[in-house]
Amino acid sequence: MTKENLRIECERLFSCKTINDCNEMLDIYAEFLLKAIINHKDETIYSDADYDAKIIVQMMLTKVLHLKNVVSGISFRTKDGLRLERIIDPTIVASFIRNIYETTAMFNLIYIHTKDKDEKTILYSLWVHAGLKYRQRFENIITSIENKQKHEEEKIMIEKIIIKINGTQLYNKLNQINKDKIKEKLKKKDYFIEFAGTEVNFLSWKDLVGIMGVKEGLLDHLYTHLSFNSHPSNVSVFQFDSMFKDGEAEFIRLTNTNLQTAFFMFSIFMFSIFIADYVKLFPTIMSTYEKIDLRDQIVIDFHNFFLRGNEYSINDSWRKVYD
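Under the numbering used here, the first residue of the sequence shown is numbered 89, with each subsequent residue one higher.
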């Protein structure tokens, strides 16, 4: 393939203007992730945090594949012949893509944004603690002996997590105000913090766009937009009402197409960022990445460095075509 033809092919997949392009892009992500998971499954893992990171990668692979079904839409026919034409529910698509955003943002916050071992230990420990504390809410409805035993084991794990956080050098360098901020996050079953030296700053889901390094102004309101459509808000109701007008088949067709491609691009952004962060966390993955087709390297990486800057590029493979 000539350089010019390769450019044309890459740019088709950058924009994903058709459903076929969208599905092809998902296949490219899935193929790389599956190869990376299989090729590097026997590598030594040195911490619980990195073990969980490997599991998160597997989860992201399933999200890529499930998204193909989500954006294909639904249709239905009753036994007596009534038909619901193929439609896409924006609330379902938005909920799914919000989950992809949250997974990407969480992975970046814990594994990439942290600047040293202590920061990573504290963030990871807060994340684990939050999940375990939420599970403790089921104490009053546990019936099986096995689950009661697990519940007690998790109580001990929670205590050990707090001891682990308190034992880090970073925590012991904090003044009381900032130690109390950590305690507040433990109490609220939350982990959204970042360290600025020995200062602890609180974060929210929408803040994590900037934490990931996305340039200001590009995706500032992404999380709010996805949340509007994910929750049963009045906004989601009147949007749904305006989408499907009786007797307007062409309008429905265009609406479905726009939903598939517009919402889909948000997921493309996140998959691209996630894979770049995955390779950064586990540098040995680069050997698998550089064996896939040059076209696939470029299109996987494109939205990552477009949104965050060239310094975030996985391996600058795009320069072979665009320099």
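Heads up, the beta-carbon is just placed ideally off N, CA and C, and yes, glycines get one too.
Would residue i pass as a contact of residue j if the rule is Cβ separation under 8 Å?
i	j	result
Glu282	His201	yes
Leu101	Glu112	yes
Asn266	Thr286	yes
Phe164	Leu172	yes
Val297	Leu310	yes
Ile388	Ile198	no
Ile175	Gly161	yes
Cys98	Ile356	no
Val152	Phe352	no
Val302	Arg396	yes
Ala71	Leu314	Only positions 89 to 411 of the chain appear in the structure, and residue 71 is not among them; the question remains open.
What residue from the options has the CA that sits closest to residue i's CA?
i	options	result
Phe87	Met358, Leu114 and Asn127	Past the edges of the chain, shown from 89 to 411, lies residue 87, and the structure says nothing about it.
Ala284	Asn93, Glu304, Trp293 and Leu262	Leu262
Phe354	Thr166, Asp138 and Glu190	Glu190
Gln257	Lys205, Cys110 and Phe390	Lys205
Ile250	Asn235, His239, Lys294 and Lys271	Lys271
Lys379	Arg95, Met89, Ala124 and Asp138	Ala124
Phe184	Thr166, Ser318 and Ile299	Ser318
Gly255	Lys276, Glu207 and Asp295	Glu207
Cys110	Lys294, Ala137, Asn157 and Ser405	Asn157
Asn196	Tyr377, Lys368 and Arg225	Lys368
Tyr377	Tyr400, Ser405 and Arg225	Ser405
Leu291	Leu94, Tyr400, Leu211 and Ile180	Leu211
Ala364	Phe394, Asp381 and Tyr400	Tyr400
Trp293	Glu241, Pro320 and Met194	Met194
Pro320	Ile180, Asp381 and Asn398	Ile180
Phe394	Glu304, Asp138 and Ala137	Glu304
Quick one: measure Cβ to Cβ for residue i and residue j, integer angstroms, because I've assumed they're closer than 8 Å.
i	j	result
Met148	Leu121	7 Å
Leu220	Tyr279	In fact, because the Cβ distance is near 12 Å, the residues do not count as touching under 8 Å.
Phe359	Pro178	That belief does not hold up - the Cβ atoms of Phe359 and Pro178 are roughly 20 Å apart, past 8 Å.
Phe316	Thr192	Phe316 to Thr192, Cβ: 19 Å. No contact.
Met374	Asn392	Not really, about 14 Å apart at Cβ, beyond 8 Å.
Glu131	Thr372	6 Å
Gln224	Glu247	Gln224 to Glu247, Cβ: 12 Å. No contact.
Mind checking residue i: buried by the 16 CB within 10 Å criterion, or exposed?
i	result
Phe339	Confidence at Phe339 is low in this model, with a pLDDT of 46, below 50, so its placement is unreliable and the value that follows should be read with caution. Phe339 is exposed by the Cβ-count criterion.
Thr209	buried
Asn289	exposed
Gln264	exposed
Lys273	buried
Asn108	exposed
Tyr222	exposed
Lys91	exposed
Met245	exposed
Arg186	buried
Lys408	exposed
Gln237	exposed
Ile253	buried
Phe390	buried
Leu170	exposed
Met300	buried
Gln385	buried
Tyr366	buried
Ile188	buried
Report the partner residues of residue i according to the DSSP bridge assignment.
i	result
Val288	Phe283
Ile162	Ile175
Let me check you understand the geometry: is the CB of residue i closer than 7 Å to at least one non-hydrogen atom of the ligand GDP?
i	result
Asn260	The ligand GDP is absent from the structure shown, which contains no ligand whatsoever.
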